[in-house]
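> From first to last, the protein sequence lines stand for chains A and B. With positions in the first sequence counted from 1, the corresponding number in my numbering is that position plus 727. With positions in the second sequence counted from 1, the corresponding number in my numbering is that position plus 727.
There are 2 protein chains.
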Amino acid sequence: MNGSRIVGEVRVVGAGLLGASVGLGLRAKGVDVIVHDSSPANLNLAIDYGAGRLAKDTDNPTLIVVAVPPDVTAAVIAAELAAYPDALVTDVASVKVAPLAELREAGADTDRYIGSHPLAGRERGGAISARADLFIGRPWVITPHDSMPLGQVGVIEDLVLDLGAVPVTMSAEQHDSSVALVSHVPQVIASLLASRLNAAPESAMSLSGQGLRDTTRIASSDPELWVQILGANSRDVVQILRAYRDDLDGVINALERPSARGARRAVAEALSAGNTGVARIPGKHGQDRRFGQLVVMVDDKPGELARLLTEIGAAGVNMEDLRLEHSPGAQIGLAEISVLTEVEERLAAELEAGGWKIAGAWK
Amino acid sequence: MNGSRIVGEVRVVGAGLLGASVGLGLRAKGVDVIVHDSSPANLNLAIDYGAGRLAKDTDNPTLIVVAVPPDVTAAVIAAELAAYPDALVTDVASVKVAPLAELREAGADTDRYIGSHPLAGRERGGAISARADLFIGRPWVITPHDSMPLGQVGVIEDLVLDLGAVPVTMSAEQHDSSVALVSHVPQVIASLLASRLNAAPESAMSLSGQGLRDTTRIASSDPELWVQILGANSRDVVQILRAYRDDLDGVINALERPSARGARRAVAEALSAGNTGVARIPGKHGQDRRFGQLVVMVDDKPGELARLLTEIGAAGVNMEDLRLEHSPGAQIGLAEISVLTEVEERLAAELEAGGWKIAGAWK
């Protein structure tokens, strides 16, 4: 156990996935964590899990972390600011402009509030999924604002670093427009695509491949939470969705008369713009290196993939990414392994010498 | 080497990824494969790879497989029907209504033609990526039509089975509307989403997560090929895209005034419809069983994942799926392992006993 950067008590309000995970992570660093939740059942569960202790009259927290649904975030922040006049307050909601604006409207003491947002979580939430390591290596955005002394940002940075996350500082406006693009709009797009499948015949579904699975995976997210997120960031989300719709209209118009002059060019340009856009997404470790991919055939039986990875490890090669791909009806899987391009050829040769079938290799 | 079901010579026209892979797969079964390509360079490459031999005047193929771009598929089929009056001809294009209609218009001998379509391939194509096992376990749609004796379908089925694929029979119309939904529309949706990233600031891109990566992965596909596919299946694609746009308009309207009466319900219903839609996608092996997922922390160094999978194998558990997840800046990965629900608890207990950290488990 390493010591914490955070000094003093930390009060966590809201014992869901994020709140309970903050509690578990800080407790692992030896911090005295107080947990509170409006639901006694949730609270007891989180305390049983070791996320912290019950509040006492003598509590004097340095920092309060509000981890409640977006809809009630501002009200809870305001109540905590009033109840603990010496504490700095942050929150972990997925939107940052709306809570600050609401607090200002309500005349809350915003010079003790700094919003933040860990880019962490999963499709399924709840305290039952909480874990001390939820935030390790994830970006955690901190959004300072004018009405507070900048020095206090350091306290939030200590929290982020204690939890193993990577602090990223930007304005609330920058944050909201960024997550609209990389998180909120993709959610809408994927959900609408998946909803098209409701009317499909079974025979069509049987032709589903990895492309459909990938494009719709996040459509299994919790509607209740996402309604709140989308509602609170509607301005930025709508702006991007409108531009998306205009592009979509362009493709629809072109495909309505695919042999008309310019139609093919319009579709080709839309597809090419997708090529350049997707290339901008940072890969593993946020770096811009190029990786090669090896596709290796693996029998679908216990131990086969382990045997493959043992040989890769024995070759001294670190996989940058791994993906196992299956087809309906197949008793064979394809393991797609990303490795640094400089070791790719050597690894392919060693695996083939070991009897593995390399199904393909691309840069 | 097992013997082939196919009897006689097979001529493959077009030595790209699919054609060369058909050649390699049939040659592995001992079939005499003739390869042809309008590009001598492509042809020589495919022959060097072992996909078949050069054509001779004495060739008398039983079956001809046309594997050329969609735009020229019908013309090449017609030429092959004329050149080899005893052969049955199939093609592997991603659309099936258009080639048959074009052939009929041109007065071709369609009673010797049966279209087909293997649901196989990758974002990157070319003979250089060809492999004998490309089709193993994949669905391969066969589209019989009225103007031909049904008995000949058996020859195409032999081809499909020789290549290890799973024959699926449906009409050309059924095929085209099915792939419009599960393949062509997702391509458009993903490309348009990825193209939104072109204007994003670096700071926004640094917040990218697995959700964005998944929803946009196929946006790296080849625009030239996809323009042809979308153009040839424009009617079915446009129909679905229009319904998608209507749904999108509904969400945009709701988010333009998120606190208006009914707005939240509209957004919630769109998200819920996504939940039920994505649940219809068949999982591994095309079966409907429910799997549990274990998320295990894995240090990002050579051999760690292998060690994990070895222990899973030693526990006698077969992974149904595996996904490795990374975060920017993280030196730790999360391995998300799908296993049958009946072994999930036991495996979690055994792994934890072995010192692994289970980060979460959901049904």
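Glycine included, every Cβ here is placed at the ideal spot set by N, Cα and C. Predicted model, so just to flag it, every value in this text is computed and none were measured.
Quick check: what's the CA-CA separation for A:Ala-825 versus A:Ala-806?
Rounded to whole angstroms, A:Ala-825 to A:Ala-806 spans 17 Å at the Cα level.
> For B:Glu-884, which residues from the same chain have a beta carbon less than 6 Å from its beta carbon, with the 5 sequence-adjacent residues on both sides left out?
So the qualifying residues of the chain are Pro-894.
> Output the distance between the C-alpha atoms of B:Ser-843 and B:Leu-934, rounded to the nearest integer angstrom.
The straight-line gap from Cα to Cα measures roughly 43 Å.
> On the DSSP letters alone, give me the boundaries of the beta strand (DSSP E) that A:Trp-867 sits inside.
Per DSSP, A:Trp-867 belongs to the beta strand (DSSP E) from 866-870.
> Anything in chain A within Cβ reach of B:Pro-969, meaning under 8 Å, just list it in chain order.
Reading the sequence as shown, one finds Arg at residue 969 of chain B and not Pro. Per Cβ cutoff of 8 Å: Ile-979.
> Taking 8 Å as the threshold (beta carbon to beta carbon), is A:Pro-894 in contact with chain B?
Output row for A:Pro-894: interface = no.
> DSSP three-state label for A:Gln-1014, please.
With a pLDDT of only 39 at A:Gln-1014, under 50, the local geometry of the prediction cannot be trusted, and the value read off the model is given with reservation. Correct three-state label for A:Gln-1014: coil.
> Pick from B:Ile-774, B:Pro-985, B:Glu-1031: whose alpha carbon is nearest that of A:Asp-798?
Of the candidates B:Ile-774, B:Pro-985, B:Glu-1031, the one whose C-alpha sits nearest the C-alpha of A:Asp-798 is B:Pro-985.
> Do A:Arg-858 and A:Leu-772 have their C-beta atoms within less than 8 Å of each other?
No, Cβ-Cβ distance for A:Arg-858 and A:Leu-772 is not below 8 Å.
> Tell me which residue opens and which closes the beta strand (DSSP E) that A:Thr-942 is part of.
Careful: A:Thr-942 lies outside any beta strand (DSSP E), inside the alpha helix (DSSP H) at 937-943.
> Residues bridged to A:Thr-896 by DSSP?
DSSP output for A:Thr-896 lists A:Ile-869 as bridge partner(s).
> Check for me: the alpha helix (DSSP H) holding A:Gly-881 runs from which residue to which?
Counting along the chain, the alpha helix (DSSP H) containing A:Gly-881 begins and ends at 880-889.
> Using only the alpha-carbon positions, how far apart do B:Ser-821 and B:Ala-802 sit?
Each residue's Cα considered, the two are about 16 Å apart.
> Might you give, ordered along the chain, the residues of its own chain that have their beta carbon closer than 8 Å to the beta carbon of A:Val-909, omitting 5 neighbours on each side?
Cβ within range, chain order: n/a, list empty.
> Thinking C-beta only, is B:Val-954 closer than 8 Å to A:Leu-998?
It is a contact, given that the beta carbons lie within the stated cut-off.
> Starting from B:Val-762, trace the alpha helix (DSSP H) both ways and give me its first and last residue.
It is not in any alpha helix (DSSP H) - B:Val-762 instead sits in the beta strand (DSSP E) that spans 760-763.
> Could you check what DSSP says for B:Asp-784 in three-state terms: helix, strand or coil?
Residue state, collapsed to three classes: coil.
> Just reading off the alpha helix (DSSP H) that A:Leu-790 is part of, what are its end residues?
Taken as a continuous stretch (DSSP letters only), A:Leu-790 belongs to no alpha helix (DSSP H), being part of the beta strand (DSSP E) at 790-793.
> DSSP puts A:Pro-845 in a beta bridge; with which residues?
DSSP, once it has assigned bridges, lists A:Trp-867 as partnering A:Pro-845.
> For A:Val-737, which residues does DSSP report across the bridge?
Answer is A:Val-760, A:Leu-790, bridged to A:Val-737.
> Report the partner residues of A:Ile-1085 according to the DSSP bridge assignment.
BP columns for A:Ile-1085 point to A:Val-1023.
> Alpha carbon to alpha carbon, how far is A:Leu-745 from A:Thr-817?
Distance between the alpha carbons of A:Leu-745 and A:Thr-817: 13 Å.
> Between the Cα of B:Ala-990 and those of B:Val-978, B:Gly-1001, B:Ala-1000, spot the shortest distance and give me the residue it belongs to.
Selected option, being the one with the closest Cα: B:Val-978.
> Is the separation between the beta-carbon of B:Ala-854 and that of B:Gly-743 shorter than 8 Å?
Against a cut-off of 8 Å, the Cβ pair of B:Gly-743 and B:Ala-854 comes out as a contact.
> Which one or two residues does DSSP pair with B:Val-1066 in a beta bridge?
According to DSSP, B:Val-1066 bridges with B:Gly-1019.
> If you follow the beta strand (DSSP E) that A:Thr-817 is part of, which residue opens it and which one closes it?
A:Thr-817 -> beta strand (DSSP E) spans 815-818.
> Inspect the beta-carbon positions of B:Ile-761 and B:Arg-732 and report whether they are closer than 8 Å.
No.
> Does the beta-carbon of B:Arg-992 have 16 or more other beta-carbons within 10 angstroms, so that it is buried, or is it exposed?
Exposed, since its Cβ has fewer than 16 Cβ neighbours within 10 Å.
> Can you give me the Cβ contacts of A:Val-912 inside the same chain, cut-off strictly under 8 Å, excluding the 5 residues immediately before and after it?
So the qualifying residues of the chain are Val-964, Ile-967, Leu-968, Tyr-971.
> Just by C-beta distance, which residues in the segment 985-1011 of chain B are closer than 9 Å to chain A?
Flagged, chain order: Pro-985, Ser-986, Ala-990, Arg-991, Arg-992, Val-994, Ala-995, Glu-996, Ala-997, Leu-998, Ser-999, Ala-1000, Gly-1001, Asn-1002, Thr-1003, Gly-1004, Val-1005, Ala-1006, Arg-1007, Ile-1008, Pro-1009, Gly-1010, Lys-1011.
> Name the chain A residues that come within less than 7 Å of B:Val-915, Cβ to Cβ?
The contacting residues are Val-978.
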